[in-house]
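In what follows, a single structure is set out as structure tokens and then discussed.
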Amino acid sequence: MQIFVKNAAGRSVAVRVSAEDTVASLKAQANESTVDVVIPVEGGKGKKKKKRIFTKPKKPTHRHKLEKMRALKYFKVTENDDGSYKVERTRQDCPHPQCGAGVYMAQHKDRQYCGKCHLTYKAESK
2 MQIFVKNAAG RSVAVRVSAE DTVASLKAQA NESTVDVVIP VEGGKGKKKK KRIFTKPKKP
62 THRHKLEKMR ALKYFKVTEN DDGSYKVERT RQDCPHPQCG AGVYMAQHKD RQYCGKCHLT
122 YKAESK
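When you read off a place in the sequence shown, starting at 1, and then add 1, the result is the number in my numbering.
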């Protein structure tokens, strides 16, 4: 006689049994044929990292100041008597050949400085 039994994988398997076999003997036969295998798992979590404690606070990052309509600092517009306008530069152009036209020198209280080529003109002290 044949009996269909589902295995652990979910498939149906045909098993030949005699008429005298009981359900208990069939269960015992299934338990004997089952092989329990324990496989060690490699790795796992490593050693836990220690939390760092800082002695000094973090250095604040430099934030660029956004200046709206920055170009108005470099030019001065005046009206002439006849109704026309005259544009004057308030900053000096950098004379260095590396910079070229359109690079203005920064005005400090004691010097003029080019941020591109680092050319510096110091004012004469009296």
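Even for Gly, the Cβ is constructed at its ideal location relative to N, Cα and C.
Nearest to residue i by alpha carbon, out of the options?
{"i": "Ser78", "options": "Thr91, Arg71, Thr23", "result": "Per the sequence presented here, residue 78 reads as Val, with Ser not at that position. When only C-alpha atoms are compared, the closest one is Thr91."}
{"i": "Ala107", "options": "Lys74, Glu80, Tyr86", "result": "Lys74"}
{"i": "Ser34", "options": "Phe76, Asn8, Arg53", "result": "Asn8"}
{"i": "Glu125", "options": "Asp111, Cys115, His119", "result": "Asp111"}
{"i": "Met2", "options": "Ser19, Tyr86, Ser13, Ala10", "result": "Ser19"}
On the three-state DSSP scale, how would you describe residue i?
{"i": "Lys74", "result": "helix"}
{"i": "Lys49", "result": "coil"}
{"i": "Val42", "result": "coil"}
{"i": "Ala107", "result": "strand"}
{"i": "Lys123", "result": "strand"}
Measure the alpha-carbon distance for residue i versus residue j and round it to whole angstroms.
{"i": "Phe5", "j": "Ala15", "result": "4 Å"}
{"i": "Leu27", "j": "Gly45", "result": "40 Å"}
{"i": "Asp82", "j": "Tyr105", "result": "29 Å"}
{"i": "Arg53", "j": "Glu43", "result": "29 Å"}
{"i": "Lys48", "j": "Lys60", "result": "30 Å"}
{"i": "Gln22", "j": "Ile40", "result": "It should be noted that the sequence gives Asp, not Gln, for residue 22. Using only the alpha carbons, I get a separation of about 35 Å."}
{"i": "Thr62", "j": "Pro96", "result": "33 Å"}
{"i": "Tyr148", "j": "Ser85", "result": "The question about residue 148 has no answer here: the residues shown for the chain are numbered 2 through 127."}
{"i": "His109", "j": "Ala72", "result": "18 Å"}
{"i": "Gln93", "j": "Pro58", "result": "41 Å"}
{"i": "Glu80", "j": "Val88", "result": "9 Å"}
{"i": "His65", "j": "His119", "result": "20 Å"}
{"i": "Ser13", "j": "Ala31", "result": "14 Å"}
{"i": "Val24", "j": "Arg17", "result": "13 Å"}
The ligand MG heavy atoms versus the CB of residue i: any closer than 7 Å?
{"i": "His119", "result": "Here there are no bound small molecules, and the ligand MG is not part of this structure."}
Beta strand (DSSP E) runs wholly inside the region 51-100, at least 3 long, in chain order: Unbroken beta strand (DSSP E) stretches of 3 residues or longer found wholly inside the region 51-100: 76-80, 86-90, given in chain order.
Length at least 3, wholly inside the region 2-37: the beta strand (DSSP E) runs in chain order: For the region 2-37, whole beta strand (DSSP E) runs of length 3 or above, ordered along the chain, are 3-7, 13-17.
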